[in-house]
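J.: Going down the list, the sequences are from chains H and G. For the first sequence, position 122 matches number 122 in this note's numbering, and the numbering has no gaps at all. For the second sequence, position 44 matches number 530 in this note's numbering, and the numbering has no gaps at all. Once you've had a glance at the structure underneath, I'll fire off some questions.
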Amino acid sequence: MGEAIKVVKKEDYIYEVPKTGDMLVPGRIYADQPIIDHLTSDVAGTKEWNALKQIVNVASLPGIQKASLAMPDVHPGYGFPIGGVGAFDLKSGVIAVGGVGFDINCGVRNLKTKLTKADLEPKKQQLADELFRIIPAGLGSHGDIRLTMDEIDEVCLKGAEFSIERGYGLKEDLEYIEENGKIGNAKPENVSDKAKQRQLKEVGTLGSGNHYLEVQYVDEVFDKEAAKAFGLFKDQIIVSIHCGSRALGHQVGTDYLKELEAASRKYGIPIREKELVCAPFESEEGQKYFTAMNCGINVAFANRQALVGLTRKGFSAVFGMDEKEIQTLYEIGHNTAKLERHNVDGEEKDLIVHRKGATRAFGPGREEVPAAYRQIGQPVLIGGTMGTSSFILHGTEKAMNETFGSACHGAGRAMSRKQAKKDFWGEDLVKKLSVQGIIIKGHSMAGVAEEAPGAYKDVEEVVNVMHNSGISKKVVRLKPLISIKG
Amino acid sequence: MGYEFLEHEADMGIRCTGSTLGEAFEEGGRALFELMVDIDAVKPSQAVEIECEAPGVPELFVEWLNELLSQKDIKEMFFSDFKVSSIEKKNDKYQLAAKAFGEPIDLKRHGVKIEAKGATYAGLKYEEKGGMHTLQCIIDV
């Protein structure tokens, strides 16, 4: 599989994989030269599994529109690359499990406070201890929310609203979540009992791996006008919660990988990679997956909302503040397939837009963007790595024209977990970061080592590609003070 | 007769070998749980019956690992020992019957590492050579 895949520079920060063979559209990669060099070195070797090949495979799926897109944090995924975006025509196009992934609607919620870094510093350790105590995190942890099978169905339908009804968070939060925290077209009857059983105690848990809860401060403001619209100011304390749909989402992914493999054969769609199975969007199988996946989206909404409720309680306990003083800035999802209307070559079309390890980045004027931000474009929340910066950008018109309103989601791994554990010691990292004023609280030191900042691409580089290409513009940079790891 | 972890950019690969197919599957179970916990700390005191089927041997391996992950959540247990009683081909499907041995999750004692989200078809391989069975796949973590 080591055949050469050509990559051509089109303009600064935009590279193209020209249409060849079965490709219906070209590949288009937002990157700088070092990112491209890394990508192509994968292909030149004997690695049978690489992101570039996956970009080509996605470009060959029926009904794909404009281009198979990759964001600068691109790396090998399952079916789609991580950082991959593919939009498909509803009539002639497909829905693919690999275009969403196992952690359905994994995403980021940002909360904004009126506290400053100076307010927080004296109580930093106390807040870290309190958040670590109340946020269920790590493998095998359980939340306080215990559900019955009927109640899980309710979560699948109601999303964030379910958690708010249970006392986790405020009605005001909903306006600032994608889809207002509840996506339609969800059918719990298409989610297996096994998926539901696995989730009974997992609503309101952070998970593990690259999931985290961070207390951060605004380190630099790049765009004063946008920062004002988003309610951000220098040294302000921000909370970022990164997690997903937990076991239910994983099981939906596993279940439908099998179902759509059969569908791919039934509808005669070549399977170029076992994880790239799909079904025509409007087929029975396609709709079954779509409506089950939407349940996963709602479970992730409910999950993050429950964690928001717990976070507010933590801050109240330490700072004696009213819960309303902690507001939702925005929440975005990374692993989704959504119905959206976009302009394709001058024609308004309804599409199913897959974002695998990529975020929505809608520009000004779109009705999906909350009214308060509509003139600027939506906040695009880009998580860094434990101990490094995160960024808030805003969506642009250019993103609407070129990437179906999509941007990158994070730094992207650059080193294997196995290598990271060899190169880094969890305990050493915790000490090193504490010297920089960052408190790391984790249940697993091996897990901390695997998530070492050195194991990821530089988030600044990735964000600068988005900024310089005009897909999303930088608003503020955030730096961590407390990081709770799973 | 053993397992090893393989390099992968974002996730983790496992490769397991056995002198029988069942043994290679058992090693797969051990590799999966070693990824997540210190399996030496998990006492194999309770058994859970596992049954699954798939169209081929490699697919059955993925199915087996994913079934173990489901049972971990549903039974709230970690597993450290595995006994495959049969792998048979019936009506175009491979069927597996096995037992997983472990105990209820004890976060203080089990030395938890990272969570495996799912076994995937990526890098999936099955080989039988000189009486040795080797299976490998990538685990999404």
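Note that beta-carbon positions come from the ideal geometry of N, C-alpha and C, so glycine has one too. Here the structure is a predicted model, which means the values were calculated and not measured.
I'd like to check one pair, H334 (chain H) with A361 (chain H): are the Cβ atoms closer than 8 Å?
T.: Contact: no.
J.: Let me know if V435 (chain H) comes out buried or exposed under the rule of 16 or more other beta-carbons within 10 Å of its beta-carbon.
T.: So V435 (chain H) counts as exposed.
J.: Roughly how many whole angstroms lie between the Cα atoms of R417 (chain H) and V627 (chain G)?
T.: Roughly 10 Å separates the two Cα atoms.
J.: Considering just the uninterrupted stretch of the beta strand (DSSP E) at D626 (chain G), what are its terminal residues?
T.: It spans M618 to D626 - the beta strand (DSSP E) in which D626 (chain G) sits, taken as one unbroken run.
J.: Can you give me, in chain order, the residues of the region 66 to 97 of chain H that have a beta carbon less than 8 Å from any beta carbon in chain G?
T.: Residues passing the 8 Å Cβ filter: H75, P76, G77, Y78 and I82.
J.: Let's see if you can read the secondary structure: which residues bound the alpha helix (DSSP H) around K258 (chain H)?
T.: Taken as a continuous stretch (DSSP letters only), the alpha helix (DSSP H) holding K258 (chain H) covers R246 to K266.
J.: Where does Y373 (chain H) sit, in a helix, a strand or coil, going by DSSP?
T.: The answer is helix: DSSP assigns Y373 (chain H) an H, G or I state.
J.: With 16 other CB atoms within 10 Å as the buried threshold, where does A70 (chain H) fall?
T.: That one is buried.
J.: For D345 (chain H), count neighbouring Cβ atoms within 10 angstroms of its own Cβ and tell me buried if that reaches 16, exposed if not.
T.: Per the 10 Å Cβ criterion, exposed.
J.: Just the C-alpha distance for M522 (chain G) and G140 (chain H), rounded to the nearest angstrom, thanks.
T.: Their backbone Cα atoms lie some 10 Å apart in a straight line.
J.: In chain order, what residues of the same chain have a beta carbon less than 6 Å from the beta carbon of D173 (chain H), not counting five sequence neighbours either side?
T.: Closer than 6 Å at the Cβ level, and outside the excluded window around D173 (chain H), lie T328.
J.: Taking 8 Å as the threshold, find out whether the region 469 to 484 of chain H comes into contact with the region 439 to 447 of chain H through three or more Cβ pairs.
T.: Verdict: yes, contact present.
J.: My assumption, with CB atoms under 8 Å, is that S566 (chain G) sits in contact with F587 (chain G). Please give the rounded CB distance.
T.: About 7 Å separates the two Cβ atoms, so the contact holds.
J.: Measuring straight from C-alpha to C-alpha, what distance separates T46 (chain H) and V74 (chain H)?
T.: Unreliable placement is indicated for T46 (chain H), whose pLDDT of 48 sits below 50; the coordinate value is still reported in the next sentence. Taking the straight line from one Cα to the other gives about 19 Å.
J.: Here's a check: name, in chain order, each residue in its chain whose Cβ is nearer than 8 Å to the Cβ of H494 (chain G), leaving out the five neighbours to either side.
T.: Hits under 8 Å: G609 and I624.
J.: Who are the neighbours of K194 (chain H) on chain G, taking C-beta pairs under 8 Å?
T.: S556 and I560, listed in chain order.
J.: Please list, in chain order, the residues of the region 125 to 149 of chain H that have any C-beta partner in chain G closer than 9 Å.
T.: Listed in sequence order: G138, L139, G140, S141 and H142.
J.: Going by DSSP in three states, G138 (chain H) sits in which element: helix, strand or coil?
T.: Correct three-state label for G138 (chain H): coil.
J.: Output yes or no for whether 8 Å exceeds the beta carbon distance between K398 (chain H) and F222 (chain H).
T.: For K398 (chain H) and F222 (chain H), no; Cβs fall outside 8 Å.
J.: If you draw a straight line from the alpha carbon of I500 (chain G) to that of K615 (chain G), how long is it in whole angstroms?
T.: Answer to the nearest angstrom: the Cα atoms are 18 Å apart.
J.: Nearest to S163 (chain H) by alpha carbon, out of H:N303, H:H142 and H:F233?
T.: Checked all of H:N303, H:H142 and H:F233; the closest Cα to S163 (chain H) is H:N303.
J.: Of all Cβ atoms in chain G, is any one closer than 8 Å to the Cβ of T396 (chain H)?
T.: So no, T396 (chain H) is outside the interface.
J.: Quick test of the definition: if touching needs 3 or more C-beta pairs under 8 Å, does the region 151 to 160 of chain H touch the region 339 to 355 of chain H?
T.: In short, these stretches do not touch, since the Cβ pair count stays below three.
J.: Give every residue of the same chain whose Cβ lies closer than 7 Å to the Cβ of E535 (chain G), excluding the five residues on either side of it in the sequence, and list them in chain order.
T.: So the list reads K585, once near-sequence residues are dropped.
J.: Measure how close the beta-carbons of K182 (chain H) and F301 (chain H) come, nearest whole angstrom, since I'm counting them as under 8 Å.
T.: With 8 Å as the limit, K182 (chain H) and F301 (chain H) qualify as a contact, their Cβ atoms being about 7 Å apart.
J.: Grab me the residues of S472 (chain H)'s own chain with a C-beta within less than 7 Å of its C-beta, minus the 5 sequence neighbours each way, in chain order.
T.: Closer than 7 Å at the Cβ level, and outside the excluded window around S472 (chain H), lie A361, V380, L393, H394, G395, T396, A399, A407 and M466.
J.: Which chain G residues sit within Cβ distance under 8 Å of K418 (chain H)?
T.: The contacting residues are F491, L492, E493, H494 and M498.
J.: Using a C-beta cutoff of 8 Å, does N552 (chain G) count as contacting chain H?
T.: Yes - at least one Cβ of chain H is within 8 Å of the one on N552 (chain G).
J.: How long is the line joining the alpha carbons of G86 (chain H) and V543 (chain G), rounded to whole angstroms?
T.: Distance between the alpha carbons of G86 (chain H) and V543 (chain G): 32 Å.
J.: What residue range does the alpha helix (DSSP H) around C538 (chain G) cover?
T.: Looking at the DSSP string, C538 (chain G) is not in any alpha helix (DSSP H); the run it does join, the beta strand (DSSP E), is Q532 to A540.
J.: What are the residues in the region 586 to 605 of chain G lying within 7 Å of chain H by C-beta distance?
T.: Within the region 586 to 605 of chain G, the residues whose Cβ lies closer than 7 Å to some Cβ of chain H are I591, L593, V598, K599, I600, E601, K603 and G604, listed in chain order.
J.: Where do the N-terminal and C-terminal ends of the alpha helix (DSSP H) with S389 (chain H) fall, by residue?
T.: First-last for S389 (chain H): undefined, no H or E at that position.
J.: Apart from the five residues just before and just after A226 (chain H), which ones in its own chain have a Cβ nearer than 7 Å to its Cβ?
T.: Correct list, in chain order: I376, H394 and V475.
J.: Between the alpha carbons of I134 (chain H) and G454 (chain H), how many angstroms are there, rounded?
T.: Straight-line Cα distance between these residues: approximately 29 Å.
J.: For the region 296 to 355 of chain H, which segments carrying the beta strand (DSSP E) assignment without a break, of at least 3 residues, lie completely within its bounds, in sequence order?
T.: You should have 327 to 333 and 335 to 344.
J.: Rounded to a whole number of angstroms, what is the C-alpha to C-alpha distance between E16 (chain H) and D428 (chain H)?
T.: Straight-line Cα distance between these residues: approximately 42 Å.
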